[in-house]
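Novice: Residue 367 in our numbering is what sits at position 188 of the sequence shown, and the numbering runs on without skipping anything.
Positions of the beta carbon are idealized from the N, C-alpha and C atoms, including for glycine.
Note that the coordinates shown come from a computational prediction; the quantities given were computed from them, not determined experimentally.
This is the structure, below, for whatever I ask next.
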Amino acid sequence: MARILAEELAAGRRDVQSLALRWVARHLSEPRDIDPETGAALAHLARHGAPPSRAAGFGSDPLVRAVPVALATFDAPGALVSATYHIAALTHPDPLVAWSAVAVNVALARFLQGKRDFVPDVIEALRNNGVPEALLAAVRRIPLPAHAVTARESSVPGHALDDADAALRLAYHEPLWERGLHDMAGAAAAAGRAGLAGALLGARDGVGAIPAAWNSRVDADVLSLLAARLVRAEHAAVSPSSPLATLP
């Protein structure tokens, strides 16, 4: 589904309703690779022609799916925040999930701009929008060393806030790409968390830092070309008034 979004953005298509229809078609044809929370939301979209008003859960899959928005809008902060929020909310309308996606994408944008410290920008984007306090507090703790942070009891892989927190913390503190992802990628339950961490570290360090063994697991050439198209399309990126920034 992230690839479908990337294709839409790279082709200059900015209609969220068209994106939703493609996602629904993907769910109907190949439902096995879509998580249950997203599947429930897409089924609702198919039945009612509109996103669900209540979240089926708090999973991190929409955070991974929204990553292409950062590539397409990394120099347009307002568009990035608005589009990321609404794309995530298309399947996961709970503010904690949607704003966690925004936090990750703001950090990605900073890395794509060649910056290293993303925390002030993420805090500013969140603070200006009245986000859940748990997310804002987690971002403020990111610069602290691990031993100074007490993990929340509910912290589990697969939860949007927890995965965003873990991936952002890794990107802030871990200098080595492969070492940083090794533990995260080891557990199937942490697939979303590893995906977020990989996106952040890749944006921070560049594709040259990704070991060949990791690239061999995916269609790296196709994905790299698609990412390049997204970055080149940045000057035609989504504006806050575009259809992509408005739910159908």
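Quick one: grab the DSSP three-state call for G257.
Specialist: Locating residue 257 in the sequence shown gives position 78, where the first residue counts as 1. Three-state DSSP puts G257 in a helix.
Novice: Determine, using beta carbons only, whether L242 and S279 come nearer to each other than 9 Å.
Specialist: Locating residue 242 in the sequence shown gives position 63, counting from the first residue. Locating residue 279 in the sequence shown gives position 100, counting from the first residue. Cβ distance < 9 Å, so L242 and S279 count as in contact.
Novice: Along the chain, where does the alpha helix (DSSP H) that runs through V248 open and close?
Specialist: By one-based count along the sequence shown, residue 248 stands at place 69. Looking at the DSSP string, the run of the alpha helix (DSSP H) that includes V248 is 246-252.
Novice: Below 8 Å, how does it come out for the segment 372-389 and the segment 298-315: are there three or more Cβ pairs, yes or no?
Specialist: no
Novice: Taking 9 Å as the cut-off, decide whether the C-beta atoms of E187 and S197 are in contact.
Specialist: Position 8 of the sequence shown holds residue 187. Position 18 of the sequence shown holds residue 197. Going by C-beta atoms, E187 is nearer than 9 Å to S197.
Novice: Taking CB distances under 9 Å as the criterion, tell me whether L221 reaches chain C.
Specialist: Among the protein chains of the structure shown there is no chain C, as only one such chain exists.
Novice: For the alpha helix (DSSP H) that L269 lies in, which residues bound it at each end?
Specialist: For the purposes of this step, residue 269 is taken as the residue at position 90 of the sequence shown. Per DSSP, L269 belongs to no alpha helix (DSSP H) and is neither H nor E.
Novice: Quick one: is E216 buried, meaning 16 or more other Cβ sit within 10 Å of its Cβ, or exposed?
Specialist: Here residue 216 is taken as the residue at index 37 of the sequence shown, counted from 1. By the 10 Å Cβ count, E216 comes out buried.
Novice: Can you tell me which residues form a DSSP beta bridge with H361?
Specialist: Here residue 361 refers to the residue found at position 182 of the sequence shown. Among the bridge pairs identified by DSSP, H361 is matched with none.
Novice: Tell me which residues share the same chain as A382 and place their Cβ nearer than 7 Å to its Cβ, disregarding the 5 neighbours each side in the sequence.
Specialist: The sequence position of residue 382 within the sequence shown is 203, counting from 1. Cβ neighbours of A382 beyond the five flanking positions: L287, F290, L291.
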